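One structure below.
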Amino acid sequence: MTKPTSEQWIDDLRAYCRSLNIDTADLYKVVSDLKVAPMIRGKSFEFSVSNQLAKVLPAKDWTVSKPIMNAQTGIHDVDVMVVHKASKTVVSVECKLAGKGMFKVDRKSGDYIVPVKCMRSRTTKTPAKVNASAKLLGVTPAQFLAHSDQYRCTQFHIVITSLGNAFYETVEDEEGNPAYKFQPTEAGVEFITRLQPPAGVDIQEFVYSACYVVRSEDIAVSPASGVACRKGDCMQKTNCGFIPNYPVINFGLVNKLASGKIPTPTNHWVEIKKCLPIFESFIP
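In our numbering, the protein residues as written are 1129 to 1412.
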């Protein structure tokens, strides 16, 4: 008799823990550790994006896959790979969560703002690696060092984010240990409500699934995007081609949103369900 899939993952997890000498009794403590949880959530999001894109992009025209790669310094791994079948065009997708707890209503503009954490986790400082990485990106070593924790827009075609993480905070659990908790502010709840979650849907699940898509070149520093660089050592403040550590999704003025109108990004980002034209823009 075939064992139900709902139980198979438990056996698989036990076997995996045994293979790495991880005591299953400690597994919860391991995965809930604040150093580990962000990595798990980030990796999980990649699979979530892959699944969503497979539903959004017509299967007759597109193939969506989640490559398993062993990333090395200087070689950028692909989170999700999308291929247009007819033209063989490959579109690489970078998956980045919103900045933790960073949803805000901008004090000056009054806009709903969601910053997206989009930065390199591995920095390169040794001369040999700096030179190699700079050559790979088509910049000088000095330019690379000025942006050592940033991506260049040529490293991937598209960025996809989830709004969910913008409403998480680090709090103490029942035992007094630090833990991540979905805890939107009053303004955050108002914003989520304006996005009109379907009746009966948990808002935590809703905002996690609320994904937005943008071309990397539209959030990188350039005259066309209008994005400026804030790095102190940058020598091309308006045209360096690097993506800021926290590009923002701007949902527009709070007080200009008519009653019942769903907030929509005003700066290139689009809902994942409407992303087909973005992928089609890469077809020769």
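We put the CB at the ideal spot given by N, CA and C, even for glycine. Predicted, not measured: the structure shown is a model, and the values here were computed from it.
Span of the beta strand (DSSP E) around residue i
i, result
"T1289", "I1286 to S1290"
"E1222", "T1217 to C1223"
"M1209", "V1208 to H1212"
"T1191", "W1190 to S1193"
Exposed unless 16 or more other CB atoms sit within 10 angstroms - verdict on residue i
i, result
"L1225", "buried"
"V1159", "exposed"
"G1238", "exposed"
"P1306", "exposed"
"E1344", "Just to set this straight, residue 1344 is Ser in the shown sequence, not Glu. S1344 is buried by the Cβ-count criterion."
"M1129", "Per-residue confidence for M1129 stands at a pLDDT of 43, beneath the threshold of 50, marking its modelled position as unreliable; no derived number is given."
"G1316", "buried"
"T1201", "The pLDDT assigned to T1201 is 45, lower than 50, so where the model puts this residue is not dependable, and the model offers no usable value."
"V1329", "exposed"
"Q1136", "exposed"
"E1314", "exposed"
"I1347", "buried"
"F1272", "buried"
"L1141", "exposed"
"G1266", "exposed"
"L1148", "exposed"
"S1261", "buried"
Residue from the options whose Cα sits closest to the Cα of residue i
i, options, result
"P1312", "M1230, L1141, R1142 and D1140", "M1230"
"W1190", "V1208, I1196 and F1175", "V1208"
"F1379", "D1277, K1194, D1234 and S1215", "D1234"
"H1396", "K1389, I1390 and P1405", "P1405"
"F1334", "P1326, Y1340 and K1194", "P1326"
"P1195", "V1219, K1183 and Y1296", "V1219"
"S1353", "C1368, Y1340, D1361 and K1171", "C1368"
"K1213", "N1179, E1222, K1188 and S1193", "K1188"
"L1162", "C1362, H1275, E1297 and V1206", "E1297"
"V1210", "V1192, G1227 and C1223", "V1192"
"I1377", "Y1144, P1186, V1242 and L1141", "V1242"
"C1281", "R1248, Y1144, I1168 and K1171", "R1248"
"G1415", "A1182, P1166, V1184 and T1268", "Given a span of 1129 to 1412 for the chain in the structure shown, any question on residue 1415 remains unanswerable."
"A1270", "N1149, G1170, C1362 and K1232", "C1362"
Proximity below 8 Å, CB of residue i to CB of residue j
i, j, result
"I1286", "V1177", "no"
"V1244", "Y1336", "no"
"S1276", "K1257", "no"
"I1371", "Y1308", "no"
"Y1240", "P1391", "yes"
"C1403", "V1341", "yes"
"Q1180", "I1320", "no"
"F1173", "S1290", "yes"
"A1274", "K1365", "no"
"Q1332", "F1310", "yes"
Residues that residue i bridges to, as DSSP identifies them
i, result
"V1376", "P1243"
"L1381", "D1239"
"V1233", "Y1240"
"V1341", "I1288 and V1398"
"P1306", "E1300"
"R1280", "F1370"
"A1226", "V1244"
First and last residue of the uninterrupted alpha helix (DSSP H) at residue i
i, result
"G1316", "E1314 to R1322"
"A1165", "A1165 to V1184"
"Q1271", "P1269 to A1274"
"K1257", "P1255 to L1265"
"L1155", "L1155 to V1159"
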